[in-house]
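Just so we're aligned, residue 9 is where the sequence shown starts under this note's numbering, counting upward by one. Note that beta-carbon positions come from the ideal geometry of N, C-alpha and C, so glycine has one too. Please read all numbers here as calculations on a predicted model, not as lab measurements.
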Amino acid sequence: MRAESPPDLKEILARYPGAERDSLIPLLQEVQESEGYLSREAVTAVGSHLKLPAAKVYGVATFYNQFRFSPRGRYHIQVCRGTACHVKGSGPLLGRLERELKIEPGQTTRDGLFSLEIVACIGACGLAPVISVNGEYHAHLGGDDIPGLLENYRTRIEESDD
Numbered sequence: 009m010r011a012e013s014p015p016d017l018k019e020i021l022a023r024y025p026g027a028e029r030d031s032l033i034p035l036l037q038e039v040q041e042s043e044g045y046l047s048r049e050a051v052t053a054v055g056s057h058l059k060l061p062a063a064k065v066y067g068v069a070t071f072y073n074q075f076r077f078s079p080r081g082r083y084h085i086q087v088c089r090g091t092a093c094h095v096k097g098s099g100p101l102l103g104r105l106e107r108e109l110k111i112e113p114g115q116t117t118r119d120g121l122f123s124l125e126i127v128a129c130i131g132a133c134g135l136a137p138v139i140s141v142n143g144e145y146h147a148h149l150g151g152d153d154i155p156g157l158l159e160n161y162r163t164r165i166e167e168s169d170d
């Protein structure tokens, strides 16, 4: 049985005939669900469909942190910044990730391997500070743990390519 491919942008827009401004958020959510992020082309197409300037669509999308404007990396890193993680040092952990990966939250490395996101709370306060990589939790981390952790994920790719 073949997995169904995600709907393309035209199919999604076709499900919103005569849509107006109140359909903007649901439309953007559906496009992102399908494509994984909001491309420039998607923002323009949604604007055209709703008869809104692309700048207005982009402005609304950037207001909400649920929307991404670049594809996620193969390994999506979420850094918890909830109270327990903050108190236990997730700020310096985030800084180390930014330096090692040479990206900021919301970005993806040039090789497409890693993307970085800040989350308000992962819900694993007893493990603070904690990060999640594709849903796999890494607990009680310090900044010096980051290079080895990233290397571990890079090695996984090399092993899967063999």
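When the options are compared against residue i, the one with the closest alpha-carbon
| i | options | result |
| --- | --- | --- |
| E112 | E125, G120, D119 | E125 |
| K18 | C88, V54, P61, K110 | V54 |
| A128 | L46, R89, R23 | R89 |
| G131 | A63, C93, Q37 | C93 |
| L157 | V141, R23, V51 | V141 |
| K64 | G99, G114, T52 | T52 |
| D119 | I165, C133, L149 | I165 |
| N181 | P25, E144, G26, G114 | Residue 181 is absent from the structure shown; the chain starts at 9 and stops at 170. |
| P61 | F75, T91, E28 | E28 |
Three-way DSSP call (helix, strand, coil) for residue i in this model
| i | result |
| --- | --- |
| V138 | coil |
| Y24 | coil |
| C88 | strand |
| H94 | helix |
| Y45 | coil |
| Y145 | strand |
| S168 | helix |
| E19 | helix |
| S123 | strand |
| Q72 | Looking at the sequence provided, one finds Tyr at residue 72 rather than Gln. Three-state result, Y72: coil. |
| S116 | The sequence given here places Thr at residue 116; Ser does not occur at that position. Three-state DSSP puts T116 in a strand. |
Test item: CB-CB of residue i and residue j under 9 Å
| i | j | result |
| --- | --- | --- |
| P137 | G97 | yes |
| Y161 | L101 | no |
| L32 | L21 | no |
| H146 | D152 | no |
| L109 | F77 | no |
| T116 | P79 | yes |
| R23 | E38 | yes |
| E41 | A50 | no |
Cβ of residue i within 9 Å of any chain B Cβ
| i | result |
| --- | --- |
| G103 | The structure shown has no chain B; it contains just one protein chain. |
Expected contact under 8 Å - CB spacing of residue i and residue j to nearest Å
| i | j | result |
| --- | --- | --- |
| I139 | V87 | 5 Å |
Residue i: CB within 8 Å of a non-hydrogen atom of the ligand HEM
| i | result |
| --- | --- |
| L124 | With respect to the ligand HEM, the structure shown offers nothing to examine, as it has no ligands at all. |
Next on the checklist: With three or more beta-carbon pairs closer than 8 Å as the criterion, would you say the segment 60-76 touches the segment 95-111?
Outcome noted: no
Checklist entry - Three or more C-beta pairs closer than 8 Å, one from the segment 75-93 and one from the segment 54-63: is that the case here? => result no
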